[in-house]
Structures are given as C-alpha cells and as structure tokens.
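*Asks:* One structure, as structure tokens, below. Some questions next.
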Ligand code: ATR
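Laid out in structure tokens, this is it:
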C-alpha cells in the first residue's frame, strides 16, 4: 500500500512545536502528499530514533533543541553552512538511507529580514549578541549579505573571539565582550543569546542602536521578549521576534525535501493570529 511520505521534527521537549502545523500548511498549499509529525526524543535516544525513522522509510527530519549538534555528528555529509555552524536542523534521507545534514536557520533569518521586513544587510553595521549554537547557525548566511562589519558580543568573551576567528575567511567580523560596546553603534542588533528564554536581557548601553536601526530577537513568544521591548524603547524602526524566521527556516527545509518553495506570508499570518 502506498502511503504519504513521512517527515518529523525531533526534539525534547517538543509538545509546543509549531513545525507540524507549518509543514502541514505548506503541504496543503503546494499539494504535496506528506505527513509531518512531532516526536519527543531525548538526546540519549537520538541515534536509535533516527535509525528507526529511516528503517520505516522516512524522508526527512527537522532537529531542534537539544539535538542539533547530535544531528550534525550523525549526518553522512554536510552543506557548507551546516559544516560551519556545527549544528543541523534539517536532515534529508536519501534513497540509500544515508543522511545529508543542512542548517536552514541562517537563511531563514536573512529571508525574514530582507524579504518580509525590507531590512537590508548589505553595507550595514551588524551586532550579534551571544556566541552559542544559535549564533553560530546564522553567521555564514549573514556574512554572505556583505555587511560593513559583523560584531559578535558575548558574556564569555573568549567564545566570541573564537567564533570570529572561525569565520574570518568569510568576511569582516570581530568578537568581544559587553564592556567593549560603550562607544559603538549598530544598524541592526540581533539577539542570539538564550537570555530571553529566562526573561533576561544582556547589559546593553542606551546608545547602542543607530538612528533608523532595527532589532531582531531569534527567540519568539506570545508577548514581546525583553529584547524586543528594549528595541522598541530605544528607537528601533522595527523590533521583531523570531516567528518569521521560524516559518522561513521551515520553508527552506521544505524546499530541500520537496524541491518546491511554499509561500510563507499566509502561514506567518496564521501563526500571528494564533498568538493573538
Ligand atoms: P543556544 O543553542 O540557544 O545558542 P547556547 O549554545 O547554550 O544556546 O548559548 C547560549 C548563549 O546565550 C551564550 O552565548 C550565552 O553566553 P555565555 O557563552 O557567556 O554563557 C548567552 N546567554 C545566556 N544567558 C545570558 C544572559 N542572561 N546574559 C547574556 N548572555 C546570556
């Protein structure tokens, strides 16, 4: 019996994931016959859960917290952007059962900024807050847009410095700590720390955002994150959270699996309505 192609998102926890809704809407819109589910997979079960999914004939997986690094390790081959980010959010299962790993987070962010919000990156002074996994995932696609410079600032300064060094062959970037920000100004500030998740805000000088600047928090929530609020209070033209990036990274994964690009605007609107 022929059934629909199977896809899933693995993560832990996973019950609040919006990915099944997003991909189901993409599939309806593009008339693709597929089924996308969410599976709670703790890190220690990741390898066997992937093997079982492949054995059942699964076609592709998304991996989220805390599995992206394990997915990077398990992939048989990696795109350059995944290789550099040391994290995989999309696995493509090929006909022979091997795994191609990719990371669509960065391109999702760039698409949301440029296409959905008309925030250009070329020639701009950009600051990324944080030097963890989320930050590493977005740097290469950001550098490909040729910003004037890209600064990475982190609480643990050595991690920002190492990250800047790792990506130095791709563009102009620097790493430092929050104390270096006192006399700096940026056209775009991106919060890639996990501070929002615990209701915290990194220590930012009041003068940090340039006139006509924008703010973007990779995290999203039903209400403004502390960083989105900071942006609004400090004159940002737009102060956005990561809901659009979530949909755009999913669209890129859908394209990798099905070779067809879903239209994202309607899906973003549905998610916006859902959160009221
Ligand atoms: P993720 O995968 O979400 O990036 P991570 O790899 O654990 O998670 O990285 C979390 C990032 O948020 C780090 O850059 C961390 O700073 P440190 O490297 O100094 O730990 C940053 N972070 C977390 N809470 C923060 C806070 N309250 N203020 C500033 N930075 C914070």
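Numbering (this note's numbering), first residue to last: 14 to 289. Just so you know, even glycine gets a beta-carbon here, dropped at the ideal spot from N, CA and C. Please read these numbers as outputs of a predicted model, since none were measured by experiment.
Would you check whether ligand 1 has a heavy atom nearer than 7 Å to the C-beta of residue 242?
*Replies:* Not so, every heavy atom of ligand 1 lies at least 7 Å from the Cβ.
*Asks:* I'd like to check one pair, residue 46 with residue 17: are the Cβ atoms closer than 8 Å?
*Replies:* Yes, the pair counts as a contact, with Cβ atoms nearer than the cut-off.
*Asks:* Assuming residue 52 and residue 40 form a contact by the criterion Cβ under 8 Å, report the distance between their Cβ atoms to the nearest whole angstrom.
*Replies:* Actually they do not touch by this definition, with Cβ atoms about 18 Å apart.
*Asks:* Using a Cβ-Cβ cutoff of less than 8 Å, which residues in the same chain neighbour residue 153 once the five nearest sequence positions on both sides are dropped?
*Replies:* Cβ neighbours of residue 153 beyond the five flanking positions: 93, 94, 97, 98, 119, 180 and 183.
*Asks:* Do residue 166 and residue 134 have their C-beta atoms within less than 8 Å of each other?
*Replies:* Not a contact, by the Cβ cut-off of 8 Å.
*Asks:* Please return the same chain residues whose Cβ sits closer than 6 Å to the Cβ of residue 164, not counting the five positions on each side in sequence.
*Replies:* Answer for residue 164: 140 and 187, listed in chain order.
*Asks:* According to DSSP, is residue 66 helix, strand or coil?
*Replies:* Helix.
*Asks:* Report the three-state DSSP secondary structure of residue 233 (helix, strand or coil).
*Replies:* Residue 233 falls in the coil class under three-state DSSP.
*Asks:* Which residues mark the beginning and the end of the beta strand (DSSP E) in which residue 199 is found?
*Replies:* Here the beta strand (DSSP E) through residue 199 covers 199-204.
*Asks:* With a 10 Å radius around its C-beta and 16 neighbouring C-beta atoms as the bar for buried, classify residue 159 as buried or exposed.
*Replies:* So residue 159 ends up on the exposed side.
*Asks:* Roughly how many angstroms lie between the CA atoms of residue 240 and residue 218, to the nearest whole one?
*Replies:* So the alpha carbons of these two residues sit roughly 13 Å apart.
*Asks:* Taking only runs of the alpha helix (DSSP H) that begin and end inside the segment 18-66, which ones reach a length of at least 4 residues, in chain order?
*Replies:* Fully enclosed alpha helix (DSSP H) runs of 4 or longer: 32-43.
*Asks:* Does the Cβ of residue 210 have 16 or more other Cβ atoms within 10 Å, making it buried, or fewer, making it exposed?
*Replies:* Classification of residue 210: exposed, given that the 10 Å Cβ count is below 16.
*Asks:* Answer yes or no: the CB of residue 218 versus the heavy atoms of ligand 1, is any distance below 7 Å?
*Replies:* Checking the Cβ of residue 218 against ligand 1 gives no.
*Asks:* Can you determine whether any heavy atom of ligand 1 sits closer than 7 Å to the C-beta of residue 98, and answer yes or no?
*Replies:* Every heavy atom of ligand 1 is 7 Å or more from the Cβ of residue 98, so no.
*Asks:* Thinking C-alpha only, which one of 281, 279, 262 and 282 is nearest residue 123?
*Replies:* Closest option to residue 123, Cα to Cα, is 262.
*Asks:* Is residue 13 near ligand 1 - that is, is its Cβ less than 7 Å away from at least one heavy atom of it?
*Replies:* The structure shown does not extend to residue 13, since the chain is modelled only from 14 through 289, so no value can be given for it.
*Asks:* Over what stretch of residues does the beta strand (DSSP E) that includes residue 115 continue unbroken?
*Replies:* Its beta strand (DSSP E) spans residues 112-115.
*Asks:* DSSP state of residue 90, grouped into three classes?
*Replies:* The answer is strand: DSSP assigns residue 90 an E or B state.
*Asks:* Are the beta-carbon atoms of residue 117 and residue 129 separated by less than 8 Å?
*Replies:* No, the pair does not count as a contact, with Cβ atoms beyond the cut-off.
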